[in-house]
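Before any comments, here is the structure.
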Amino acid sequence: MADNIARVFAAAIAADPTRPLLTWYDDATGERTELSGATLANWVAKTANLLVDELALSPGDRAGVLLPPHWQTAAVLLGCWSAGLTVTDTPGDVDVLFATADRVGEADAWSAGERYVLALAPFAAPLRQVPPGFADYVVEVRGHGDHFTPYPTGGEADADLLARATERATELCLTPGDRILVDAAAHPDPVDWLLAPFTAGASLVLCGNLDKSRLDARTASEKVTRTLA
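For reference, each letter of the sequence shown is one residue, going 1 to 229 in full-length UniProt numbering.
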């Protein structure tokens, strides 16, 4: 087993960086966004470079993440882990905070001086109005480099997260080449919707606002082999 999350992610895309790795559906808006391993890796690298080059963060620093399951959330989480940060959703002292627009009101419970807001809009569209004290993540991250060399050791929580992800992948009977469909609302823990699939070498169909009447057709069209709904 890889010894940190960045290496798990690298291994997940190594066999074929062009294959669909994460496909996002939002049945409320009709959005479908498909990311190859290479495309998601670019977003992850840009996020890590934002954290390291612009914010001067280093391994052991902390990131608060108030984001639901989403492909942009995957980029934020994997970028933080690549930079050796510890990710938390518990209010307190952190070095950077990422939040959706509807959760910026919770920011007072966090000490972060650097704060980013995400619209989670189709096509990674920016916010029309950015809340005071925040920067728009998709605007800020785009200017950073597409390549980042992860730190050799992960954050302090990597080992625990990977152990949980490996156990969960075993419970779900995931194997390399599987394609798992996950109901985002029912399984918000990133161990379920992100790390377990990637640990097993599986790809992911992540569904927000899942319309279960579409489940059979989507399972067929996306060649889903496992379902967590």
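Where is the CB? At the ideal position from N, CA and C, for every residue including glycine. Computed from a predicted model, the values in this text were never measured in an experiment.
For Ser36, the enclosing beta strand (DSSP E) starts and ends at 31-36. For a cut-off of 8 Å, the C-beta gap from Ser203 to Pro20 is around 6 Å, short enough to register as a contact. Between Gly145 and Ala45 the beta-carbon gap is near 6 Å, inside 8 Å, which marks them as a contact. If you look at Glu140, you'll find it in the alpha helix (DSSP H) that goes 137-141.
For the pair of segments examined, the region 123-134 was found not to touch the region 81-96: the number of CB pairs separated by less than 8 Å stays below three. A direct Cα-to-Cα measurement between Asp3 and Pro59 gives close to 15 Å. When C-beta atoms of the region 172-181 are compared with those of the region 105-125, fewer than three pairs fall below 8 Å, so the two segments do not count as touching. For the set Leu67, His187, Phe98, the Cα lying nearest the Cα of Leu51 is the one of Phe98. The region 79-109 is shown to contain whole beta strand (DSSP E) runs of 3 or more residues at 86-88, 96-100, in chain order.
The closest CA to that of Ala74, considering only Thr153, Ile5, Leu228, Thr227, is found on Ile5.
Counting only residues of its own chain and dropping the five nearest sequence neighbours on each side, Glu34 has a CB closer than 7 Å to the CB of Pro20, Thr23.
Using a 10 angstroms sphere on the CB of Arg128, the tally of other CB atoms stays under 16, which defines it as exposed. Contact between Thr149 and Gly84 is absent: CB atoms are separated by about 12 Å, not below the 8 Å threshold. Scanning the region 115-200 for uninterrupted beta strand (DSSP E) segments of 3 residues or longer gives 179-183, listed from N- to C-terminal end. Its chain contains Leu51, Ala83, Leu85, Asp95, Val96 as the residues whose beta carbon lies nearer than 7 Å to that of Leu57, once the 5 sequence neighbours on both sides are disregarded; these appear in chain order.
Nearest to Leu40 by C-alpha distance, out of Asp53, Ala15, Pro68, Gly79, is Gly79. Within the model, the alpha-carbon separation for Tyr25 versus Tyr151 is close to 32 Å. When the five nearest sequence neighbours on each side are left out, the beta carbons in the same chain lying within less than 6 Å of the beta carbon of Val139 are those of Pro126, in order along the chain.
Bridge pairing for Val224: absent [DSSP]. Partner residues in a beta bridge of Trp71, as assigned by DSSP, do not exist.
Judged by DSSP in its simplified three-state form, Ser111 adopts coil rather than helix or strand.
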